[in-house]
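What follows is a single structure, written as structure tokens, with notes after it.
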Amino acid sequence: MSLLKDKVIVITGGAGGIGEATARMAHAQGASVVITDLEAGPVEEIADALGDRALGLAVDVSCREDNQRMVAAALERFGRVDSVFLNAGIEGQVGPFDSRSDSAWESVLAVNLHGVRFGVEAVLPALRQAGGGSIVITSSVAGLRGAAGLSPYVSSKHAVVGLMRCLAAELGPEGIRVNTLNPGPVDNRMMRSIEDQAKPGHGEEIHKMFSSRIPLGRYVSNEECASMAVYLFSDQSTGCNGNCYLVDGGYCAQ
Ligand SMILES: NC(=O)c1ccc[n+]([C@@H]2O[C@H](COP(=O)([O-])OP(=O)(O)OC[C@H]3O[C@@H](n4cnc5c(N)ncnc54)[C@H](O)[C@@H]3O)[C@@H](O)[C@H]2O)c1
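For the sequence shown, numbering that gives the first Met the number 0 begins at 0 and goes up steadily by one.
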């Protein structure tokens, strides 16, 4: 299949679970991919393994200039940008609201909200030049529901849903679609961190508790999230704008 033939897609958080799976799947569907993350090593390794049509680049999304450099590199190497996957995120520390320091709030918002803002700012001229495109922001079920102990993270994931809705309304007339991917618990590093912080030494109990609340009885996979992202990049989803796309095994259904 080549759902993304001739498309150029820029990905942040590309060394992480969902980002790497999405980079691989998008590339397999014919896209050229710019895979970015905090450190160059892991993303260069992924890009090298993919071969042609892949570039790995160190980008800190919380830095405006890095976002500009990311888009410039995509244009220089591949000549255009059709989609951006603003996916980099951090969970921060798990704990009660009144134990959260200013710096704990600031670090989560710097990456999860301002990183997305800078990414959109940087990519807009390129999407306009391409005559339209698709922006996909990774929010979460935590962008639609609360969760005890995760106030900065949940606030940041709600914030990007609001930003997505504003952007969808503003940019839709230009043919630029904006949507969020909202995964439920994913079987990867981030959930291990949240589980272990929630119950140090007994993270598996938290894993079981979350799993029991999911109608499918399990966490979703990186690849199941990647499939939705690829769909939203593709011309299969040209009617999709301004919405949250859940991949949560039914978590939010009840
Ligand atoms: N894992 C889950 O259960 C889950 C559920 C819902 C939403 N999400 C969201 O999915 C996205 C991807 O997370 P993941 O599950 O793959 O976890 P992950 O921790 O494996 O991946 C996150 C990636 O973002 C990168 N990153 C962190 N700070 C960065 C920065 N300042 N600049 C650039 N890159 C940075 C990390 O290095 C990492 O590679 C995140 O936005 C996360 O909040 C995850």
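Just so you know, even glycine gets a beta-carbon here, dropped at the ideal spot from N, CA and C.
Say yes only if the C-beta of I89 is nearer than 7 Å to one or more non-hydrogen atoms of ligand 1, and no if none qualify. yes
Could you tell me whether the Cβ atoms of Y244 and N178 are closer together than 8 Å? Yes, the Cβ-Cβ distance between Y244 and N178 is below 8 Å.
Distance, Cα to Cα, E90 vs G202? Just so you know, the alpha carbons of E90 and G202 end up roughly 15 Å apart.
Three-way DSSP call (helix, strand, coil) for C243 in this model: Looking at C243 - three-state DSSP - the assignment turns out to be strand.
Suppose the cutoff is 7 Å on Cβ atoms and the five residues either side in sequence are ignored; what does the same chain contact list for G131 look like? Hits under 7 Å: E173, G174, I175.
Within 7 Å: the Cβ of N242 and any heavy atom of ligand 1? Between ligand 1 and the CB of N242, the shortest heavy atom gap is not smaller than 7 Å.
Taking C-alpha atoms, which residue in C165, L123, A129, L112 lies nearest to S139? L112
What's the C-alpha gap between G123 and G200? In the sequence as presented, Gly is not what sits at residue 123; that position holds Leu. Going by the C-alpha atoms only, they are around 45 Å apart.
Assuming L74 and D59 make a contact with CB atoms under 8 Å, what is their CB distance in whole Å? Incorrect: roughly 20 Å between the Cβ atoms, too far for contact.
In three-state DSSP terms, what is A147? Residue state, collapsed to three classes: coil.
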